[in-house]
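Here is the structure we will look at.
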């Protein structure tokens with residue numbers, strides 16, 4: 001009896017995992033590919049109209065598929081524990097040293113394949129930032145409001161890399177670097193906030209894939225939006241634990 005229940009549970013888990021993979025593929029297709037099939041007909045000022053990208057289709061697909069994805073993933077997450085019940089020993093293989101490199105390698109490989117196919121790395125609103133980089137290479141200086149809102153780290157590293165490798169390659173290298181650093185921030189923040197290794201692994205994979213968004217380039221990355229949380233957490237860790245290593249990381253992140 002227990003064996004049949006266990007086998008049914010394993011089968012249900014596998015089916016839900018297959019649904020997650022299918023919905024993630026559908027989410028990428030619905031938000032990144034399908035909008036180009038239905039190019040906007042009404043003129044709108046913006047990079048999306050220039051490249052024939054339908055924001056309405058992309059947003060509608062995002063709302064529907066993310067909702068379904070959350071429902072399926074919720075079945076995979078463990079039920080919350082109530083009371084003081086003994087916890088089973090955790091299997092370290094569930095969250096070993098290969099998880100972060102594996103997820104990172106998946107993103108880098110995908111971005112490299114896209115760049116190899118298109119010969120450039122340009123999606124949606126990122127066209128605006130690459131045009132600004134082009135004007136900077138022609139001698140233009142970004143206006144103060146732009147630098148204040150987006151920060152010099154969004155522009156100047158890509159500008160320097162563009163001078164070395166060319167505009168398209170320089171922008172691509174800087175975008176992938178931002179994305180990988182964002183994954184590192186996500187991994188670090190979850191490692192501080194979630195102590196259970198299995199829960200941490202599930203949340204890391206789910207958020208890394210669920211927040212996948214190359215459409216707006218370096219404008220929207222986990223590096224930009226997680227950095228304040230990262231600084232707060234590493235500085236708090238230094239205040240609690242002390243040590244020169246924690247202090248060095250805290251000061252370095254705060255200065256950046």
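Numbering (full-length UniProt numbering), first residue to last: 1 to 256. Glycine included, each C-beta is placed from N, C-alpha and C at the ideal position.
Exposure of residue i, with buried meaning 16 or more beta-carbon neighbours within 10 Å
i: residue 130; result: buried
i: residue 35; result: buried
i: residue 165; result: exposed
i: residue 105; result: exposed
i: residue 85; result: The predicted model places residue 85 with a pLDDT of 43, which falls under 50 and marks its position as unreliable; any figure quoted below should be read in that light. Counting Cβ neighbours within 10 Å, residue 85 comes out exposed, since fewer than 16 surround it.
i: residue 20; result: buried
Candidates the options, of which the one nearest residue i by Cα
i: residue 51; options: 61, 138, 39 and 58; result: 39
i: residue 15; options: 64, 208 and 73; result: 73
i: residue 17; options: 75, 43, 49 and 64; result: 75
i: residue 208; options: 234, 181 and 195; result: 181
i: residue 234; options: 13, 189, 140 and 212; result: 189
i: residue 113; options: 60, 31, 172 and 140; result: 172
i: residue 107; options: 248, 153, 22 and 205; result: 205
i: residue 211; options: 65, 55 and 157; result: 65
i: residue 177; options: 60, 48, 247 and 109; result: 109
Residue i versus residue j - alpha carbon distance
i: residue 239; j: residue 119; result: 47 Å
i: residue 175; j: residue 111; result: 9 Å
i: residue 116; j: residue 168; result: 11 Å
i: residue 230; j: residue 245; result: 16 Å
i: residue 224; j: residue 179; result: 10 Å
i: residue 33; j: residue 101; result: 27 Å
i: residue 63; j: residue 228; result: 27 Å
i: residue 99; j: residue 203; result: 12 Å
i: residue 191; j: residue 43; result: 46 Å
i: residue 103; j: residue 141; result: 37 Å
i: residue 197; j: residue 139; result: 50 Å
i: residue 242; j: residue 161; result: 37 Å
Cβ pair residue i, residue j closer than 8 Å
i: residue 186; j: residue 226; result: yes
i: residue 136; j: residue 155; result: yes
i: residue 31; j: residue 58; result: yes
i: residue 269; j: residue 183; result: The requested residue 269 does not occur in the structure, where the chain is confined to residues 1 to 256.
TODO: Examine the Cβ distances between the region 57-73 and the region 25-39 and report whether three or more of them are shorter than 8 Å.
DONE: yes
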